[in-house]
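One structure is given below, encoded as structure tokens.
Protein chains: 2
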Amino acid sequence: MRAVKKTSFPTPEDAEAAFYEAIERGDIEALMEVWSDDEEILCVHPGGPRLSGVEQVRESWAQILKSGQQFKVHLAGQVVVQGMMLSIHSLHENILVQGESRPRPPVVVTNVYQRGTAGWRMIVHHASPSSQPGGTRADPPPKTLH
Amino acid sequence: MRAVKKTSFPTPEDAEAAFYEAIERGDIEALMEVWSDDEEILCVHPGGPRLSGVEQVRESWAQILKSGQQFKVHLAGQVVVQGMMLSIHSLHENILVQGESRPRPPVVVTNVYQRGTAGWRMIVHHASPSSQPGGTRADPPPKTLH
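Below, the structure is given as structure tokens:
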């Protein structure tokens, strides 16, 4: 039996904020609250295979967060395509790990959120390594397409 | 002044088929027909930065296709999330380059299509290198989520 999700995210932006706050706090339960459990969710970590389903996705994030490293995630270059039931967010994650003097190489991300009965939830997180500084020259300013 | 697109894609699947056929034919014009020109399109090649806008996207594909190499792209593990105006396709590309005996390492892809006045067009192509064989063990059979 699935646990009932307690948090409702009225907008995709609320879900996205909760997602990155959960990473920064190292809170796996809060992180998994953001993901849909009605759909076959998909997650690709930088350079990694495609993971599907709550079990694989939870396990991968648990591995990342259990290191106890503290992450600061600076988001840049957000582009949003907003539909009625789906919302696509493209952005750069610039990740600083506590104790490291320089940010990690930027990560290019496509996040997809879906509207359900309990608000917006993440259904896709596709992250990939990028050879280029994130959110700077190649990027337009943050923009909502329509 | 923008050229009027001549081809109409009645479904996201039609647009996706045309996209990969254009790559296999090395046809940059057919490839760019699939992309929207009404929106700020986004394209991420494996390990590369995020490109935005028709000019950057065209230039990157022209570079890839002008090599004259012939590509065969075998798609696997398709998962589709279909909305009214947006369609998200997750899949693996297994690319065989003519003259090479083995397929290139699989590429994990998120393609996003948007419905416009002239049918469905691509607005996002996010490809990333994967360490795992595409479309085999980790993948469920092709499935449409809803």
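Line by line, the protein sequences give chains A and B. Residues in the first sequence are numbered consecutively from 2, following our numbering. Residues in the second sequence are numbered consecutively from 2, following our numbering. Beta carbons are placed, not taken as given, at the ideal position from N, Cα and C, and that holds for glycine. Since we're looking at a predicted model, the values are computed, not measured.
Any beta-carbon of chain B closer than 8 Å to the one on residue i?
i      : result
M86/A  : yes
A12/A  : It is Thr, not Ala, that sits at residue 12/A in the sequence shown. Closer than 8 Å: no.
P142/A : Here P142/A scores only 40 on pLDDT, less than 50, and its place in the model should not be relied on; the value that follows carries that caveat. False, the Cβ-Cβ gap to chain B never drops below 8 Å.
E94/A  : no
E17/A  : no
T111/A : yes
H127/A : yes
Hey, is residue i's beta-carbon within less than 8 Å of any beta-carbon in chain A?
i      : result
G49/B  : yes
I124/B : yes
I65/B  : no
V55/B  : no
A35/B  : Residue identity differs from the one stated: residue 35/B is Val in this sequence, not Ala. Chain A contact via Cβ: absent.
Q70/B  : no
H75/B  : no
E41/B  : yes
Look at the alpha carbon of residue i and the alpha carbon of residue j, and state the distance between them as a whole number of angstroms.
i      : j      : result
R105/A : I24/A  : 15 Å
H46/B  : K67/A  : 31 Å
V109/B : S132/A : 17 Å
F10/A  : R103/B : 46 Å
F20/A  : V35/A  : 6 Å
Q70/B  : Q64/B  : 11 Å
G84/B  : L43/B  : 19 Å
E60/B  : A119/A : 42 Å
The ligand PLP and residue i: does the residue's C-beta get closer than 7 Å to at least one heavy atom of that ligand?
i     : result
D38/B : No copy of the ligand PLP occurs in the structure displayed, which carries no ligand at all.
Name, in chain order, the residues that DSSP records as bridge partners for residue i.
i      : result
L92/A  : V110/A
R51/A  : V45/A
P104/A : Partner(s): none; P104/A has no beta bridge.
G69/A  : According to DSSP, G69/A bridges with nothing at all.
Below 8 Å on the Cβ atoms is my contact criterion, and I expect residue i with residue j to pass it. Report the Cβ-Cβ distance as a whole number of Å.
i      : j      : result
V113/B : V125/B : 4 Å
W62/B  : I29/B  : 6 Å
For the candidate residues the options, whose alpha-carbon lies nearest to that of residue i?
i      : options                        : result
G54/B  : Q71/B, M33/B and I65/B         : M33/B
P130/B : I42/B, W36/B, N95/B and T118/B : N95/B
Q79/A  : F72/A, D38/A, T111/A and D39/A : T111/A
H93/A  : A18/B, G100/B and H127/B       : H127/B
Between residue i and chain E, is the shortest Cβ-Cβ distance under 8 Å, so that the two count as touching?
i      : result
P106/B : The question asks about chain E, but that chain is absent: this structure's protein chains are A and B.
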